[in-house]
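Enquirer:
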DNA sequence: GCAATAGTGTCTTTAAGACACTATGAG
DNA sequence: CTCATAGTGTCTTAAAGACACTATTGC
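Residue numbers (the numbering used here), protein chains in the order written: chain F, 1 to 250; chain H, 1001 to 1250.
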């Protein structure tokens, strides 16, 4: 059999043996901890297992649109709440045996959201919940979703450094301390409040002042904090680098 | 229904017919200029048009393996030469009408190679060539490949900053000046030789000395240069940042 | 008053960049 | 010899981090 004949025999136009799905690594911050959105699968394979929200891409549907739709469908979130969620493509996963049904290539997406209400499980799921990322180690996920989550978390941690991503995790108006809490939560390190404050204000376009302050001081006292909104920068320069990365470099 | 029964009753044809391809943005440096590998399509659609090397992913073939195979097939390069080419996934492109034949999702990959010989066109291509990136503006590419190339170039420029990617464009042993030429070529800026030299040696794990020097001085004179090989760093810290990025931040 | 926090001042250390300079080798 | 280049020295500036301190609020 010649190479050309071989290629013909497996022509995907005649035998669509591959399916394309999207999976969504949705992250938010609740109660001062980073949370990941998981659904409990209502159907095989991996029935009853926890997994990332996702599903098949529809004909004539863009990849990003499919991610948004699946996120909305499987969580019951929509409208204004969906508008404040930021989506971006993460990577594609296509190991031949990653799904027992058939060959499936999944285009994983990342979603970053400010604090959202508890999700309502959609049709494909028997449950949906925000799980603290710290509790992930004790929960097995379906398919290769643990790998996808790990990649997504590393991408999120990295993007905090050189993009204004952190502002996606807070409300439209926020204090510097709230922004610092995002960094501390996602990176898992405490940061120096004074130096962080000065740094955030010194990066052009990261935040802009609203001229307002919080109505009250903090719960345990302290002065009212100035309120800011996200600035117009798309890249941070100079970046906010994670402290103590020298060891992870090799 | 048990999980096993479900899998047996599962019919892949119930799911929408989407095909998955890989496309490869292969970059190398020839004659001091950044070059991109293009093939001339031998079959419709876009017959006769220049395009990225790529093709359908085979059953039971990993995405990265498909990219490597397509690169090898459509260029006639293989063996030891292929070993020195570094592949990584770039992003996936799945706009519904990006291919006139049917719904095709393409998982684009980046390939970085030291200077390779002129490619030999494979079965799907009537020609293959390394095209200087500077000449891209005057050549229309098939499908959405211009967008993919733009994304790939930006990714390459960015990865030079914080990874040892530049060492993939030179031979196993190289001088600091050769490494600097890579940065200058990919970024399109001249760099200060003295400062670059010191910086490269100061970043832990970027290069390690071979103890050797070049056999002769440069073509126009000058001392022999010390030879280095790639170090063991996977991330550069502190990074080698592109000069003058303040303007592109917004 | 006391504790906690917002925000600023200042100093040290590190890194980046400008510039000068020496040494080496091809022609 | 001349000229281009490898490699180093030194100074300036920018940025990161440590630490101290004041001011403002809740309790």
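Backbone N, C-alpha and C fix where the C-beta goes; we use that ideal spot for every residue, glycine too.
None of these values were measured; they are calculated from a predicted model.
Going by other Cβ atoms of all chains shown within 10 Å of its Cβ, with 16 needed for buried, is residue 1210(H) buried or exposed?
Expert: Position 210 of the second chain holds residue 1210(H). Exposed, because fewer than 16 other Cβ atoms sit within 10 Å of the Cβ of residue 1210(H).
Enquirer: Closer than 9 Å between beta carbons: that is the criterion. Which residues of the region 177-202 of chain F meet it against chain H?
Expert: So nothing in the stretch comes that close.
Enquirer: Taking three-plus beta-carbon pairs below 8 Å as touching, is the region 1103-1123 of chain H in contact with the region 1072-1079 of chain H?
Expert: Yes, the region 1103-1123 of chain H is in contact with the region 1072-1079 of chain H.
Enquirer: Determine the DSSP secondary structure at residue 112(F), reduced to helix, strand or coil.
Expert: Start at 1 with the first residue of the first chain, and residue 112(F) comes out as number 112. Note: residue 112(F) maps to strand in three-state DSSP.
Enquirer: Can you find the residues in the same chain that come closer than 8 Å, C-beta to C-beta, to residue 46(F), ignoring five residues on each side of it along the sequence?
Expert: For the purposes of this step, residue 46(F) is identified with residue 46 of the first chain, where counting begins at 1. Hits under 8 Å: 142, 143.
Enquirer: Whose C-alpha, out of 1024(H), 1019(H), 1017(H), 1020(H), is nearest the C-alpha of residue 1152(H)?
Expert: Here residue 1152(H) corresponds to residue number 152 of the second chain, with the count starting at 1. Closest by alpha carbon: 1024(H).
Enquirer: Can you name, in chain order, every residue of its own chain whose Cβ lies under 8 Å from the Cβ of residue 86(F), other than the five neighbours on each side?
Expert: Taking the first chain and counting its residues from 1, one reaches residue 86(F) at position 86. Contacts found: 111, 112, 113, 165, 168.
Enquirer: In the structure shown, what three-state DSSP assignment does residue 220(F) receive?
Expert: One-based indexing of the first chain puts residue 220(F) at position 220. Residue state, collapsed to three classes: coil.
Enquirer: Check whether the Cβ atoms of residue 1040(H) and residue 1137(H) lie closer than 7 Å to each other.
Expert: Walking along the second chain from the start, residue 1040(H) turns up at place 40. Walking along the second chain from the start, residue 1137(H) turns up at place 137. The answer is no: Cβ separation not under 7 Å.
Enquirer: Is residue 1237(H) close to chain F, meaning its C-beta is less than 7 Å from at least one C-beta of that chain?
Expert: Residue numbering aside, residue 1237(H) sits at position 237 when the second chain is read from its first letter. Yes, residue 1237(H) counts as interfacial toward chain F.
Enquirer: Under the DSSP definition of a beta bridge, which residues are partnered with residue 1213(H)?
Expert: The residue you call residue 1213(H) lines up with position 213 of the second chain. Paired residues: 1226(H).
Enquirer: Is residue 236(F) closer than 7 Å to residue 203(F) when the C-beta atoms are compared?
Expert: One-based indexing of the first chain puts residue 203(F) at position 203. One-based indexing of the first chain puts residue 236(F) at position 236. Their beta carbons are under 7 Å apart, which means residue 203(F) touches residue 236(F) by this criterion.
Enquirer: I need the boundaries of the alpha helix (DSSP H) containing residue 1067(H), first residue and last residue.
Expert: Residue mapping note: residue 1067(H) aligns to position 67 of the second chain, counting from 1. Run containing residue 1067(H): 1063-1075, per the alpha helix (DSSP H) assignment.
Enquirer: Measure from the alpha carbon of residue 173(F) to the alpha carbon of each residue in 206(F), 64(F), 55(F), then state which is nearest.
Expert: Start at 1 with the first residue of the first chain, and residue 173(F) comes out as number 173. Residue 206(F) is the option with its Cα nearest to residue 173(F).
Enquirer: Within 10 angstroms of the Cβ of residue 1222(H), are there 16 or more other Cβ atoms? Answer buried if so, exposed if not.
Expert: Counted from its first residue, the second chain places residue 1222(H) at position 222. Per the 10 Å Cβ criterion, exposed.
Enquirer: Output the boundary residues of the alpha helix (DSSP H) element that contains residue 1151(H).
Expert: In the second chain, counting from the first residue as 1, residue 1151(H) sits at position 151. Run containing residue 1151(H): 1145-1162, per the alpha helix (DSSP H) assignment.
Enquirer: Kindly identify the DSSP beta-bridge partner or partners of residue 28(F).
Expert: Walking along the first chain from the start, residue 28(F) turns up at place 28. Residue 28(F) pairs with 35(F), 113(F).
Enquirer: For residue 1198(H), count neighbouring Cβ atoms within 10 angstroms of its own Cβ and tell me buried if that reaches 16, exposed if not.
Expert: Within the second chain, the letter at position 198 stands for residue 1198(H). Under this definition residue 1198(H) is an exposed residue.
Enquirer: Please name the residue, chosen from 1171(H), 1239(H), 1116(H), 1188(H), that lies closest to residue 1030(H) on a Cα-to-Cα basis.
Expert: Within the second chain, the letter at position 30 stands for residue 1030(H). The residue with the shortest Cα to Cα distance from residue 1030(H) is 1116(H).
Enquirer: Give me the Cα-Cα distance between residue 1231(H) and residue 1036(H), rounded to the nearest whole angstrom.
Expert: Within the second chain, residue 1231(H) is the residue found at index 231, counting from 1. Within the second chain, residue 1036(H) is the residue found at index 36, counting from 1. Cα to Cα, the separation comes out at about 26 Å.
Enquirer: Which residues share a DSSP beta bridge with residue 21(F)?
Expert: Reading the first chain from its first residue, position 21 is the one you call residue 21(F). Residue 21(F) is bridged to 56(F), 106(F).
Enquirer: Name the two residues that bound the continuous alpha helix (DSSP H) containing residue 1178(H).
Expert: Position 178 of the second chain, counted from the first residue, corresponds to residue 1178(H). Looking at the DSSP string, the run of the alpha helix (DSSP H) that includes residue 1178(H) is 1176-1187.
Enquirer: On the three-state DSSP scale, how would you describe residue 11(F)?
Expert: For the purposes of this step, residue 11(F) is taken as the residue at position 11 of the first chain. Below a pLDDT of 50, predicted positions are generally treated as unreliable, and residue 11(F), at 49, falls in that range; the measurement from the model is reported next regardless. Three-state DSSP puts residue 11(F) in coil, outside helix and strand.
Enquirer: Let me check one thing: in DSSP terms, what residues is residue 129(F) bridge-paired to?
Expert: Here the question's residue 129(F) lines up with position 129 in the first chain. Residue 129(F) pairs with 38(F).
Enquirer: Comparing alpha-carbon positions, which option in 1201(H), 1052(H), 1192(H) lies nearest residue 1108(H)?
Expert: As a position in the second chain, residue 1108(H) is number 108, starting the count at 1. Selected option, being the one with the closest Cα: 1052(H).
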